[in-house]
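Report on the structure given below.
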Amino acid sequence: MLEVSALEVRYGAIRAVRGVSLRVAQGELAVLLGANGAGKSSTLKAIAGALRPARGRITLAGAEVPYGWPERMVRLGAAMVPETRDVFPDLTVAENLRLGAFTRRRDPAGIAEDHARVVELFPVLGERAGQPAGTLSGGEQQMLAIARALMSRPRLLLLDEPSLGLAPAIIERIFAMIAELKRTGLTILLVEQNAAQALAIADRAYVMRLGEIAASGPAAEIRAATDLKALYLGG
Amino acid sequence: MTAALQFVVDVLSLGGAYAMMALGLVIVYGILRLVNFAYGELIMVAGYTLYLIGGSALPWLVMAAVAVLAAIATGIMTDYVAFRPVRAKSVTAVLITSFAFSTLLQNAALLFISPRPRNVPLPEIFSDTIQIWGVITPVRNVLTIVAAAVLLSVFALVMKRTMLGIAMRAAASQFTMARMLGVPANLVISTAFAISGLMAGVVALFWLGRSGAVVPGIGLEPLLVAFIATVIGGMRSLQGAVLGGFLLAFIDTGLNHALPQNLLQFRDAFTFSLVILILLWRPEGLMRGPATGQRT
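Sequence lines, in order, name chains A and B. Numbering follows the numbering used here, with no gaps: position 14 of the first sequence is 141. Numbering follows the numbering used here, with no gaps: position 177 of the second sequence is 179.
So, in structure tokens, the structure goes:
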């Protein structure tokens with residue numbers, strides 16, 4: 128589904144991502160692990176088109192993705208949930224969701240159907256439909272960001288640290304939700320620092336260190352072979 | 003009573019024009035975080051379009067529509083000529099290109115038409131007056147109020163109900179995130195410039211209606227008015243722009259009524275003093291815009 132080869136991202140003279148290659152097969156949940164500053168988010172942003180890579184090739188379902196055009200990436204079927212969530216604070220929850228279906232704006236019946244579906248998945252969003260998104264709690268904003276991404280009916284979901292800054296109970300619900308989405312057949316690339324929980328639901332794992340892929344393999348193997356503490360601490 | 007009503011009509015008609023102008027400026031600013039200094043020239047373009055087709059046998063409404071379309075087209079052209087090529091570079095570069103485009107249009111008018119005022123065709127009704135509850139006012143003022151009410155309502159409805167309107171509001175707060183939902187950057191920006199042109203074009207009809215003639219520098223005053231109104235109202239808020247427009251009109255009209263004859267020529271000095279006071283009280287303007295602001 129997604130193939131990334133020799134990706135390089137620079138911030139001025141700093142090479143944040145150095146020759147990263149990874150692939151996510153259809154229906155798979157892949158997780159990208161690593162300490163703070165390992166280059167996980169930069170990799171994901173480059174894939175989503177929010178960041179222009181210095182070099183590398185990204186293909187989605189066989190089609191090459193142009194650099195730095197997030198709007199085209201959505202049309203190719205990838206939806207991104209950034210770590211900052213970026214719900215539109217002044218728009219209502221319903222408007223945020225509606226905008227998620229921008230690429231399908233000529234299909235109002237389908238949008239209404241999907242709206243009903245995500246509200247079923249996240250009932251709180253239905254209760255707060257008319258409220259400005261900025262008034263939601265952190266966990267609710269994360270749910271809204273994921274729900275909004277689902278409104279484009281993506282084939283690939285890119286999730287950047289969905290557990291960041293949330294209470295443990297909420298994190299558990301978010302991970303259960305991600306596992307549920309995987310069961311519906313959605314392909315997911317998840318960036319996480321929460322290694323234990325992420326590995327528990329993932330099929331495949333990549334571990335990044337200093338901008339490079341340090342280890343990769345089936346999630347169960349990575350879980351058995353890697354000292355998870357080292358992942359947190361970046362050792 | 004009559005005096006109060008007269009005051010209200012004056013504020014609403016002037017404020018309606020100011021609000022439309024301010025909205026046209028702030029819609030672009032909200033998305034690009036850049037003041038389009040070529041905005042006043044959109045009014046000039048509408049004026050010269052009216053002048054150039056003035057001799058034809060077309061009904062006035064058709065000529066007015068053509069003039070508004072010319073302003074819209076020039077607005078979109080501003081994006082392509084002055085903004086798009088340098089958008090990714092720096093704020094300074096865009097600021098200078100927008101000044102340059104403004105100067106270019108003005109000089110084109112000086113060179114190819116004339117530095118002297120040129121009469122524009124106006125409908126009979128513009129010079130009529132009408133009496134409402136004892137208040138005598140030009141029909142033009144009433145039409146300005148109607149046009150502003152219609153245009154501002156339609157605009158509010160479009161921004162609230164349509165997908166494109168929601169996308170515009172989203173792009174004004176988090177541009178990259180809007181793009182990550184599939185909203186094309188260029189569509190949003192071109193739409194903003196088109197709306198800007200529409201507002202300027204409609205205002206131009208009434209602005210020209212006061213003097214009946216167009217000169218190359220006609221855009222400066224409306225640009226200044228729009229800029230002040232948006233600064234008072236809050237540069238990033240659409241409602242703020244409208245509020246700022248009406249408030250500025252309220253100040254102007256209030257001073258017109260209150261100042262003695264010999265001080266009236268200094269009215270602008272009084273206006274600006276009040277604007278300074280408002281800004282000392284609320285430096286960000288009366289209304290705050292969307293929460294975050296990253297530049298594109």
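All C-beta atoms, glycine included, are put in the ideal place defined by N, C-alpha and C.
1) Taking the alpha-carbon positions, what's the Gln-268 of chain A to Leu-44 of chain B distance?
2) Who are the near neighbours of Phe-300 of chain B in its chain, counting only those whose CB is closer than 7 angstroms to its CB and skipping five residues on each side?
3) Looking only at its chain, what residues have a beta carbon closer than 6 angstroms to the beta carbon of Leu-277 of chain A, apart from the 5 residues adjacent to it on each side?
4) Tell me Arg-150 of chain A's beta-bridge partners as DSSP assigns them.
5) Using only alpha-carbon positions, find the residue among B:Val-64, B:Leu-207, B:Leu-145 that is nearest to Gly-49 of chain B.
6) Helix, strand or coil for Asn-121 of chain B, going by three-state DSSP, please let me know.
7) Name the one or two DSSP bridge partners that Ile-141 of chain A has.
8) Checking contacts by CB at 8 angstroms: is Leu-183 of chain B closer than that to chain A?
9) What in chain A is Cβ-close to Gln-176 of chain B, meaning under 7 angstroms?
10) So, is the C-beta of Arg-35 of chain B closer than 8 angstroms to a C-beta in chain A?
11) List the residues of chain A whose Cβ lies closer than 8 angstroms to the Cβ of Ile-168 of chain B, in chain order.
12) By Cβ distance below 6 angstroms, which residues in the same chain neighbour Leu-316 of chain A in space, the five residues on each side in sequence not counted?
13) Excluding five sequence neighbours on each side, which residues of the same chain lie with their C-beta closer than 6 angstroms to the C-beta of Ser-155 of chain B?
14) Helix, strand or coil for Tyr-333 of chain A per DSSP?
15) In three-state terms, what does DSSP make of Leu-263 of chain A?
16) Could you tell me whether the Cβ of Glu-210 of chain A comes closer than 8 angstroms to any Cβ of chain B?
17) Our contact map puts Leu-326 of chain A next to Ile-349 of chain A with C-beta atoms below 8 angstroms; I'd like the distance itself, whole angstroms only.
18) Residues bridged to Pro-345 of chain A by DSSP?
19) Can you list, in chain order, the residues of its chain with a C-beta nearer than 8 angstroms to that of Arg-125 of chain A? Leave out the 5 residues immediately preceding and following it.
20) Buried or exposed: Phe-248 of chain B, going by 16 or more other Cβ atoms within 10 Å of its Cβ?
21) Within a Cβ cutoff of 8 angstroms, which residues of the same chain sit near Arg-202 of chain A, ignoring the five residues on either side of it in sequence?
22) Assign Gln-296 of chain B to one of three DSSP states: helix, strand, or coil.
23) At 7 angstroms on the CB atoms, spell out the chain A contacts of Met-79 of chain B, in chain order.
24) List in chain order: all unbroken beta strand (DSSP E) runs of 3+ residues lying wholly within the stretch 178-255 of chain A.
25) With burial defined as no fewer than 16 other Cβ atoms inside 10 Å of the residue's Cβ, what is the status of Asp-217 of chain A: buried or exposed?
26) Anyone know if the C-beta pair for Leu-159 of chain B and Thr-193 of chain B falls short of 8 angstroms?
27) State buried or exposed for Ala-172 of chain B, treating a residue as buried only when at least 16 other CB atoms are found within 10 Å of its CB.
28) Nearest chain A C-beta to Arg-297 of chain B closer than 8 angstroms, yes or no?
29) Taking DSSP as the reference, what is the three-state secondary structure of Thr-105 of chain B?
30) Would you report the Cα separation of Gly-246 of chain B and Glu-319 of chain A, rounded to the nearest angstrom?
31) Pull up the DSSP beta-bridge partners for Leu-222 of chain B, would you.
32) Which residues, in chain order, does the stretch 244-265 of chain A contribute to contact with chain B at a C-beta distance below 7 angstroms?
33) Run through DSSP, which three-state label would Glu-319 of chain A get?
34) If you draw a straight line from the alpha carbon of Ile-305 of chain A to that of Arg-179 of chain A, how long is it in whole angstroms?
35) Distance, Cα to Cα, Leu-282 of chain B vs Ala-67 of chain B?
36) Name the two residues that bound the continuous alpha helix (DSSP H) containing Ala-48 of chain B.
Based on what the coordinates show:
1) Roughly 41 angstroms between the two C-alpha positions.
2) Outside the displayed range of chain B (3 to 298) lies residue 300 of chain B, so it cannot be described from this structure.
3) Here the set comprises Val-245.
4) Note: Arg-150 of chain A sits in a beta bridge opposite A:Glu-130.
5) The residue with the shortest Cα to Cα distance from Gly-49 of chain B is B:Leu-207.
6) Of the three classes helix, strand and coil, the one that applies to Asn-121 of chain B here is strand, per DSSP.
7) Partner(s): A:Tyr-138.
8) Closer than 8 angstroms to some Cβ of chain A, the Cβ of Leu-183 of chain B qualifies, so yes.
9) Per Cβ cutoff of 7 angstroms: Asp-213, Phe-215.
10) No Cβ of chain A is located within less than 8 angstroms of the beta carbon of Arg-35 of chain B.
11) Neighbours of Ile-168 of chain B on chain A, chain order: Leu-218, Glu-222, Arg-225, Leu-226.
12) The answer, listed in chain order, is Val-151, Ala-157, Leu-285.
13) So the list is empty, once near-sequence residues are dropped.
14) Correct three-state label for Tyr-333 of chain A: strand.
15) Here Leu-263 of chain A sits in coil by DSSP.
16) Chain B, which has no Cβ nearer than 8 angstroms to the Cβ of Glu-210 of chain A, makes this no.
17) Contact annotation, Leu-326 of chain A with Ile-349 of chain A: C-beta distance approximately 6 angstroms; criterion of less than 8 angstroms satisfied.
18) As computed with DSSP, Pro-345 of chain A is found in a beta bridge with A:Arg-331.
19) What is shown of chain A runs 128 to 362, which leaves residue 125 of chain A out entirely.
20) It counts as buried.
21) Closer than 8 angstroms at the Cβ level, and outside the excluded window around Arg-202 of chain A, lie Thr-230.
22) Per-residue confidence for Gln-296 of chain B stands at a pLDDT of 40, beneath the threshold of 50, marking its modelled position as unreliable; the derived number appears in the next sentence. The answer is coil: DSSP assigns Gln-296 of chain B none of H, G, I, E or B.
23) Result: empty, since nearest Cβ-Cβ is about 23 angstroms, beyond 7 angstroms.
24) The qualifying runs are 182-187, 205-208.
25) A residue is called buried when at least 16 other Cβ atoms come within 10 angstroms of its Cβ; Asp-217 of chain A meets this threshold and is buried.
26) Taking 8 angstroms as the cut-off, the beta carbon of Leu-159 of chain B is found no closer than this to the beta carbon of Thr-193 of chain B.
27) Buried, because 16 or more other Cβ atoms sit within 10 Å of the Cβ of Ala-172 of chain B.
28) Model confidence at Arg-297 of chain B stands at a pLDDT of 38, short of 50, so the residue's coordinates are unreliable; what they give is reported in the following sentence. Under the Cβ distance rule, Arg-297 of chain B does not count among the residues neighbouring chain A, no pair being separated by less than 8 angstroms.
29) Helix, per DSSP.
30) Spanning the two alpha carbons is a distance of roughly 46 angstroms.
31) Residue pairing by DSSP places Leu-222 of chain B opposite no residue, since no beta bridge is assigned to it.
32) Against chain B - using a Cβ distance shorter than 7 angstroms - the residues of the stretch 244-265 of chain A are Gly-261.
33) Here Glu-319 of chain A sits in strand by DSSP.
34) In this model, Ile-305 of chain A and Arg-179 of chain A are separated by some 28 angstroms (Cα to Cα).
35) Between the alpha carbons of Leu-282 of chain B and Ala-67 of chain B lies a distance of about 41 angstroms.
36) Taken as a continuous stretch (DSSP letters only), the alpha helix (DSSP H) holding Ala-48 of chain B covers 41-54.
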